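Data block below; observations after.
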Ligand SMILES: CC(C)(COP(=O)(O)OP(=O)(O)OC[C@H]1O[C@@H](n2cnc3c(N)ncnc32)[C@H](O)[C@@H]1OP(=O)(O)O)[C@@H](O)C(=O)NCCC(=O)NCCS
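In the numbering used here, the protein residues as written are 5 to 184.
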């Protein structure tokens, strides 16, 4: 069957005020969380740099890191089992479309936990680390965008205090996205 070339999708912009306290997260397995540098690229072989591997290539990983975006990753037994990003600029396609980002915002994106390590608190911990980081560097708000049908992710970020701000309809035709 041919690959889908267009679709409509409801997406929700979520926000979290960084003034509110951030609960510390304990994971069910021992892990370490690190902030990636370009040298860490080979470690990302299995998990990839972003949720769409066609878009977030190694070259883009380098330029994203150079632009100041931060990639946090989780190590368990010397292997990456989860990763997630923070960006600060309007270079992010979805945000540019929504015109949502402010200088005092951090945009959380591209979270992924390997299937066999899910529901062990790994992403809650990645959220905790990123929210604490944003707070430390003086940001006021964390924002993120999630597809309305991604219940696991919506429940996950709501658990740490994100609230829905606005709903959009995204229309994707081939590689072009439109938001209405
Ligand atoms: C969403 C995702 C990152 C969650 O990671 P995780 O490490 O398994 O999540 P945690 O263990 O830290 O958190 C567990 C909480 O998440 C939510 N959750 C996780 N899986 C869920 C599911 N299948 N249905 C509903 N809620 C779910 C719940 O709130 C749960 O808390 P609870 O056990 O008290 O109900 C992971 O499922 C994933 O990688 N999904 C694919 C990629 C993706 O959707 N990324 C987010 C969009 S950018």
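Just so you know, even glycine gets a beta-carbon here, dropped at the ideal spot from N, CA and C.
The structure displayed is predicted, hence computed values, not measured ones.
Query	Result
So, helix, strand or coil for residue 39, using DSSP?	strand
Quick one: residues in its chain with C-beta nearer than 8 Å to the C-beta of residue 27, no 5 flanking neighbours on either side, listed in chain order?	132, 164
Less than 6 Å between the CB of residue 78 and some heavy atom of ligand 1, yes or no?	no
Have a look at residue 184 and residue 146 and give me their C-alpha separation to the nearest angstrom.	22 Å
Around the Cβ of residue 42, are there at least 16 other Cβ atoms within 10 angstroms (buried) or fewer (exposed)?	exposed
Should residue 165 be listed as close to ligand 1, given that the test is whether its C-beta is under 6 Å from any heavy atom?	no
Please confirm whether residue 120 and residue 16 have their CB atoms less than 7 Å apart.	no
Give the DSSP-derived three-state secondary structure of residue 69 in the structure shown.	helix
With a Cβ-Cβ cutoff of 7 Å, do residue 76 and residue 37 count as a contact?	yes
Let me know the secondary structure DSSP gives residue 46 once reduced to three states.	helix
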